[in-house]
Structures are given as C-alpha cells and as structure tokens.
Amino acid sequence: MSNNDQTLAIHGGTPVRKEGFAEWPIYDELEEQYLLRVLHSSKWGGVGPVKSDDYSPMIPQAEKKFAELHDADFAVACCNGTVALTIALQAAGVRPGDEVIVPPYTFIATAFGALAYGVIPVFADIDENTLLIDPEAVERAVTPKTRAVIAVHIAGAPADLTKLKEVTTKHGLVLIEDAAQAVGAEWEGRKIGAIGDIGTFSFQSSKNLNSGEGGMIVTNSRELWERVWSIVNVGRIPGGAWYQHELVGQNYRITEFQAAILLAQMTRLEEQMQIRESRTALLDSLLSTIDGISPVPAPEGTTKHAHHLYMLTLDKEFAGRIDKDEFIRRMNAEGIPLAYGYVPLNQNRAILSSIREWTGQERYDACPVCEELCAKRVLWLHQNVLLSDESAIEDIAKAFRKVIASYHVNT
Ligand SMILES: *Cc1c(COP(=O)(O)O)cnc(C)c1O
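Residue numbering for the sequence shown follows this note's numbering, beginning at 220 and increasing consecutively.
Written as structure tokens, this is what we have:
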C-alpha cells in the first residue's frame with residue numbers, strides 16, 4: 220500500500236470507494252404497464268365497482284400471491300406495517316390495557332402499533348449473539364396481564380419461533396410475527412408469517428418488497444382473517460351489506476396503484492433474494508479474515524434469511540476502546556454507507572410517557588444486553604448495498620480492514 224492508500228479519507232486520504240452502491244427501487248416497463256392498467260380501468264381504490272370485464276382488480280391478486288408466497292391460507296392488504304400491528308392485536312382479541320411482550324431492538328412501530336390501541340408494550344431483552352428477542356426473557360416478562368408476544372424478525376432473520384411458540388402455548392398467549400423485514404424468510408423449512416397466529420408485513424419504500432407504502436397481514440385462521448378483513452374495511456363483514464358494520468374498524472385499505480406495484484415487485488423478489496444471499500456469503504467470508512468485527516449470525520433454525528439488513532458487531536474488546544460514532548464516520552468517509560442502527564426502545568421517552576399515561580404507573584424494563592449492543596457494538600448495511608456487484612462488496616471489506624488498521628496504528 221502506498222502512503223496515500225493508508226491515510227484515512229477522513230484525514231484527506233483517497234476513499235476506498237468513490238462509486239455508490241445499487242440503486243433502489245428497481246423497476247422497468249412491467250411496473251409501468253401495471254400502473255397504466257389501473258389508471259385506465261378507472262378502478263383506483265380498494266372498493267367500488269369494476270367497470271370493465273377485462274380488468275382484474277390488483278388488490279385481491281396481490282393478496283392471493285402474497286398468501287402463496289408465505290404458505291398462508293389468508294392475506295389481507297392494509298396501508299402500512301405500523302397499522303398492521305394494531306390491526307393484528309385488535310383482531311386477536313388483545314384489549315386496551317393488556318400487555319404485549321416485544322423486543323427493545325426493533326423499529327419503533329412495533330411498540331407504537333400496540334400503544335396506538337392502548338396495549339402496553341413490555342420489553343424482553345434480546346439474545347446477545349442474534350440480536351433477536353430472547354425466549355427466556357419473554358417467559359420472565361409474562362404477567363397476569365400479558366395477552367400476546369410480538370416476535371420481530373429483525374434484519375430478515377427469523378426469531379426463534381419454536382421456543383417462542385412453546386412459551387406462548389404454555390401461557391395461552393397470542394403469537395404475532397412482525398415480519399416487516401423478513402419477506403421470504405423461512406424457519407425450519409417453513410415460510411415465516413403464519414407460523415405464529417398472525418403475521419404482519421410492510422412494503423414501505425426501504426423494505427425488500429416496496430409499493431411506496433403498504434402492508435399485509437397473513438394468518439391460517441379463518442376467524443382471524445374475517446376479523447382482520449373487517450377491521451381494515453370499517454367493520455364491514457365479508458359478503459355483508461354495504462352499510463352493515465359489525466365491528467369497530469377503520470379504513471385501512473391500500474389503493475389499486477400500490478397493489479399493482481406490489482404485484483410487479485413480487486416478480487423480482489426471488490432473483491433479488493438470491494443476489495443478497497450470494498453477496499452476504501461473500502462479505503461473511505471476506506470479514507472472517509478481519510479481526511475486530513463479526514457478522515451477526517441467524518439463529519440455528521433459520522433455513523432462509525431475508526437479508527433486509529447486513530448486521531455486524533464490533534468485537535467486545537475492540538468496541539471497549541473505540542467510539543462507535545467515530546468508527547462510522549471513518550467508514551462513511553471511505554465511501555461505505557455504514558449505519559448506527561436502532562437505539563433501545565425500552566428507553567424511548569415517547570413510549571415511556573405513553574405507558575405512564577395508559578397505566579398511571581412509572582415503568583422501566585431494563586434491557587442491558589440491547590443497551591450495550593446499541594451504544595457500542597452493532598453496525599448495519601442496508602439491503603440495497605447487498606444488490607451491488609461483487610467489487611462493491613470487496614470494497615466494503617477493504618474499507619473495514621483499512622479503518623480497523625488505523626486504530627492499531629494510532630492508539
Ligand atoms: C418498517 C417496519 C415496521 C413499520 O412498517 P411501516 O410500513 O413503515 O409502517 C414495523 N416493524 C418493523 C420491524 C419494521 O422494520
């Protein structure tokens with residue numbers, strides 16, 4: 220290496236990578252065709268008449284395809300992954316004031332989706348290796364008020380559904396899968412989503428399936444499907460009269476335009492999953508030769524990882540003597556979009572004050588494993604990075620090697 224190569228870009232050296240990474244979203248004439256089909260059909264919304272015999276509505280097609288994709292008997296589209304959680308809780312009979320056990324390491328929607336309906340999130344710490352909710356911590360968090368557990372498949376790796384199911388069965392709880400990051404993932408050979416009682420997905424623009432905004436709820440229970448459908452459709456019942464409202468619901472529908480994009484994007488999913496899988500394998504093997512960082516492993520029962528994020532951790536000893544923010548700044552200067560990731564939800568002030576309002580009590584669920592990992596060790600790359608070519612992945616490893624070496628030289 221010449222001197223200039225070793226000088227960090229943050230100190231004026233040459234960045235490892237000047238080109239960007241794969242663009243997101245990815246689309247072509249197929250999306251255009253489907254969108255135009257909706258436009259010219261005049262059927263733009265999720266309800267109302269179909270005016271032409273040659274138009275087959277997009278929403279039911281997308282629901283059917285998605286249910287097949289996840290080996291689920293039923294799927295209902297809704298406007299996003301946040302309300303999907305609220306709908307799932309309500310449909311499963313969880314009531315305001317009940318408790319739901321959630322991980323602290325997730326997007327805030329996992330807790331807000333519950334609080335929006337007055338359901339109280341209780342935080343159970345994560346497993347130090349997988350960063351997924353720890354089934355033993357879940358069992359310790361059960362109280363007489365607990366009605367449900369939300370298993371979040373963070374980064375696209377399934378939470379341990381086998382052990383979680385044992386806990387929920389033993390205590391008579393509903394198991395909800397927040398699968399917003401895990402489209403296409405499998406646990407012990409089965410598609411996630413409907414392994415628990417009910418599963419929720421998101422098609423917000425950063426997710427692996429993108430319809431701009433959008434969500435889906437899957438289940439194998441006809442009864443739950445009917446309730447979900449009803450809540451999404453202002454309390455109407457399937458096959459009922461227009462002004463017959465049997466449940467309190469809202470208008471949580473998506474538009475035909477979103478379903479059109481979703482249908483087109485679904486045709487790309489398998490190919491994109493394979494690319495992410497192969498880039499992940501390459502990055503894993505390159506990083507295995509670098510001291511100081513390790514990829515986050517999926518739990519043992521994982522038979523397919525959805526790779527929404529590439530998560531890695533700084534090794535404990537290294538993390539103990541460097542600053543995570545400074546490490547990220549050095550990597551970003553090298554042209555690598557390394558990200559800080561989540562902050563612990565059990566410490567979020569909006570959640571804590573909302574819990575206080577709903578319960579009239581001060582509560583703080585300590586999650587030391589999550590708190591330490593967030594502050595010191597976890598790092599992310601986003602899914603589109605994994606759609607880049609192999610030389611991009613090699614540059615990521617080069618940048619890690621260069622930045623980590625800079626600490627050994629300077630400290
Ligand atoms: C994105 C996400 C959600 C929320 O989905 P939206 O469609 O953005 O409302 C919920 N949970 C997790 C884990 C997510 O990543």
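From the three backbone atoms N, C-alpha and C, an ideal C-beta is built for every residue, glycine too.
To the nearest whole angstrom, what separates the beta carbons of residue i and residue j, a pair I think is in contact under 8 Å?
{"i": "Ile339", "j": "Ile574", "result": "6 Å"}
{"i": "Ile169", "j": "Ile395", "result": "Lying before the first or after the last residue shown, residue 169 is absent from the chain, which here runs from 220 to 630."}
{"i": "Glu287", "j": "Ala483", "result": "That pair is no contact at about 16 Å."}
{"i": "Gly337", "j": "Gly316", "result": "6 Å"}
{"i": "Asn603", "j": "Phe240", "result": "6 Å"}
{"i": "Leu304", "j": "Thr329", "result": "7 Å"}
{"i": "Asp290", "j": "Gly520", "result": "Asp290 to Gly520, Cβ: 16 Å. No contact."}
{"i": "Ala398", "j": "Thr419", "result": "6 Å"}
{"i": "Val321", "j": "Ile245", "result": "No, Val321 and Ile245 are not in contact; Cβ-Cβ is about 32 Å, not under 8 Å."}
To which residues of the same chain is residue i closer than 8 Å at the C-beta, ignoring the five residues directly before and after it?
{"i": "Glu475", "result": "Val257, Ser260, Lys262, Trp263, Gly264, Gly265, Pro276, Met277, Ile278"}
{"i": "Ala517", "result": "Thr349, Ala376, Pro377, His524"}
{"i": "Ile623", "result": "Ile509, Asp510, Gly511, Ile512, Phe537"}
{"i": "Lys237", "result": "Gly554"}
{"i": "Gly232", "result": "Asn223, Asp224, Gln225, Thr226"}
Tell me which residues share the same chain as residue i and place their Cβ nearer than 7 Å to its Cβ, disregarding the 5 neighbours each side in the sequence.
{"i": "Met220", "result": "Low per-residue confidence applies at Met220: pLDDT is 47, beneath 50, and the placement is therefore not dependable, though the value from the model is reported in the following sentence. Excluding positions up to five away in sequence, the list is empty."}
{"i": "Pro363", "result": "none"}
{"i": "Asp584", "result": "Val341, Phe342, Asn565"}
{"i": "Phe331", "result": "Thr301"}
In the DSSP assignment, what are the bridge partners of residue i?
{"i": "Tyr529", "result": "Leu600"}
{"i": "Pro514", "result": "Leu531"}
{"i": "Lys410", "result": "Glu405"}
{"i": "Thr419", "result": "Asp397, Ile436"}
{"i": "Ile320", "result": "Val341, Val368"}
{"i": "Lys595", "result": "Beta-bridge pairing links Lys595 to no other residue."}
{"i": "Ile352", "result": "Ile345"}
{"i": "Ala558", "result": "Trp599"}
Could you give the first and the last residue of the continuous beta strand (DSSP E) run that contains residue i?
{"i": "Val295", "result": "293–297"}
{"i": "Lys523", "result": "521–523"}
Specify, as a first and last residue, the run of the alpha helix (DSSP H) that residue i falls within.
{"i": "Glu465", "result": "No alpha helix (DSSP H) holds Glu465; DSSP gives it neither H nor E."}
{"i": "Ala483", "result": "475–485"}
{"i": "Phe546", "result": "543–552"}
{"i": "Glu442", "result": "441–451"}
{"i": "His390", "result": "380–390"}
{"i": "Phe285", "result": "277–288"}
{"i": "Leu255", "result": "248–260"}
{"i": "Ala374", "result": "No alpha helix (DSSP H) contains Ala374, which DSSP labels as neither H nor E."}
{"i": "Leu606", "result": "Segment: none, Leu606 is in no alpha helix (DSSP H) and carries neither H nor E."}
When you compare the CB positions of residue i and residue j, do they come within less than 8 Å of one another, or not?
{"i": "Val302", "j": "Trp444", "result": "no"}
{"i": "Pro556", "j": "Leu600", "result": "yes"}
{"i": "Cys298", "j": "Gly434", "result": "yes"}
{"i": "Ile345", "j": "Val588", "result": "yes"}
{"i": "Ala281", "j": "Ala404", "result": "no"}
{"i": "Leu605", "j": "Arg495", "result": "yes"}
{"i": "His527", "j": "Ala611", "result": "no"}
{"i": "Val453", "j": "Asn470", "result": "yes"}
Looking only at its own chain, which residues have a Cβ that is under 6 Å from the Cβ of residue i, when we skip the five neighbours before and after it?
{"i": "Asp534", "result": "Gly511"}
Please tell me whether residue i has its Cβ less than 8 Å away from any Cβ of chain D.
{"i": "Val588", "result": "Considering every chain present, this structure includes no chain D. It has just one protein chain."}
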